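Data first, discussion second: the structure below is written as structure tokens.
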Amino acid sequence: MKTGELGEVCVKGAGILHGYYKNDAANAESFRNGWFRTGDQARLDSEGYLYIVGRLKDMGRRSGENIACREVEWVIRSIPEIEDVAIVPVPDSYRGEEAKAYIQLMPGATPEQVPPERIIAHCAKQLAPFKVPRYYEYRADFPRTDSQRVQKRELIKEKPDLRVGSYDRQEKRWL
């Protein structure tokens, strides 16, 4: 992997599992030439440090470019009034997928204090243009697992058209 390039983290060594018990399909998918594919996506910096930026299964793809949801979530979560965020892909006939940001504000913060335009401007300063989400929706809370992870599949299942009720960055209006 070259400096700054995204790639999958693969590991090999005595402490790594030898394979999945009686599961040839999982072994074929998870191992390549003795290397275990973790499913984590990372970037290598110029000093040789590896930064995990997302999961391969938690990715969007806009016009052929991969978008690590975790990276975009980290940038948006750095806005002080935002408590949590979840990025999900929205099917798009032209670009394949567009990114949607579900936003949970801190107690006492309002969408008027943190409008989509402010989030968009913040993202534009820290992300490549194709990574800035197109759609934004505010939520009081998220469906969560027992370990408090956001259940993105449940968000996606909530409505047949994920664009409904969202602010569209491209059209600059609420849908």
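Per the numbering used here, the sequence shown runs over residues 309 to 483. Here a beta-carbon is modelled for each residue, glycine too, at the ideal position from N, C-alpha and C. Owing to the predicted nature of the structure, the values given are computational and were not obtained by experimental measurement.
Buried/exposed call for D469, threshold 16 Cβ in 10 Å: Here the question's residue 469 lines up with position 161 in the sequence shown. Result: exposed.
I want to know whether the segment 388–403 touches the segment 367–380 - three or more CB-CB distances under 8 Å. Contact check between the segment 388–403 and the segment 367–380: three or more CB pairs, one atom from each, fall below 8 Å, which counts as touching.
Give the straight-line distance between the Cα atoms of H326 and A333, rounded to the nearest whole angstrom. What you label residue 326 is simply residue 18 of the sequence shown in a count that begins at 1. What you label residue 333 is simply residue 25 of the sequence shown in a count that begins at 1. For H326 and A333, the distance between alpha carbons rounds to 14 Å.
Label K330 either buried or exposed according to how many other C-beta atoms from any shown protein chain fall within 10 Å of its C-beta, with 16 as the threshold for buried. The sequence position of residue 330 within the sequence shown is 22, counting from 1. Using a 10 angstroms sphere on the CB of K330, the tally of other CB atoms stays under 16, which defines it as exposed.
Hey, quick one: how far does the alpha helix (DSSP H) through I428 stretch, first residue to last? Numbered from its first residue, the sequence shown carries residue 428 at position 120. Taken as a continuous stretch (DSSP letters only), the alpha helix (DSSP H) holding I428 covers 424–434.
Compute the distance between the beta-carbons of A409 and V422, then report whether it is under 8 Å. Your numbering for residue 409 matches position 101 in the sequence shown. Your numbering for residue 422 matches position 114 in the sequence shown. Cβ atoms of A409 and V422: not closer than 8 Å.
For R477, name the three-state secondary structure that DSSP assigns. Here residue 477 is taken as the residue at index 169 of the sequence shown, counted from 1. Shown here, R477 sits in coil according to DSSP, grouped into three states, outside any helix or strand.
Less than 8 Å between the beta carbons of R481 and R442, yes or no? Mapped onto the sequence shown, residue 481 falls at position 173. Mapped onto the sequence shown, residue 442 falls at position 134. With contacts defined by Cβ atoms closer than 8 Å, R481 and R442 do not form a contacting pair.
Secondary structure at R276, three-state DSSP: helix, strand or coil? The structure shown has nothing for residue 276, since the chain only spans 309 to 483.
How long is the line joining the alpha carbons of E466 and R403, rounded to whole angstroms? As a position in the sequence shown, residue 466 is number 158, starting the count at 1. As a position in the sequence shown, residue 403 is number 95, starting the count at 1. Counting only the Cα atoms, R403 lies some 23 Å from E466.
DSSP three-state label for I324, please. As a position in the sequence shown, residue 324 is number 16, starting the count at 1. Correct three-state label for I324: coil.
Beta-carbon contacts of L352 that lie in its chain and below 6 Å, excluding the five residues immediately before and after: Mapped onto the sequence shown, residue 352 falls at position 44. M309, T311, L358, listed in sequence order.
Proximal residues to A448 (C-beta, below 8 Å), its chain only, five neighbours per side dropped: The count along the sequence shown starts at 1 and reaches residue 448 at position 140. So the qualifying residues of the chain are Q412.
Our contact map puts Y444 next to I464 with C-beta atoms below 8 Å; I'd like the distance itself, whole angstroms only. Residue mapping note: residue 444 aligns to position 136 of the sequence shown, counting from 1. Residue mapping note: residue 464 aligns to position 156 of the sequence shown, counting from 1. Actually they do not touch by this definition, with Cβ atoms about 16 Å apart.
Which stretch, first to last residue, makes up the beta strand (DSSP E) that contains D400? Start at 1 with the first residue of the sequence shown, and residue 400 comes out as number 92. D400 -> beta strand (DSSP E) spans 390–400.
Continuous alpha helix (DSSP H) stretch holding N331: start and end: Numbered from its first residue, the sequence shown carries residue 331 at position 23. It is not in any alpha helix (DSSP H) - N331 carries neither H nor E in the DSSP assignment.
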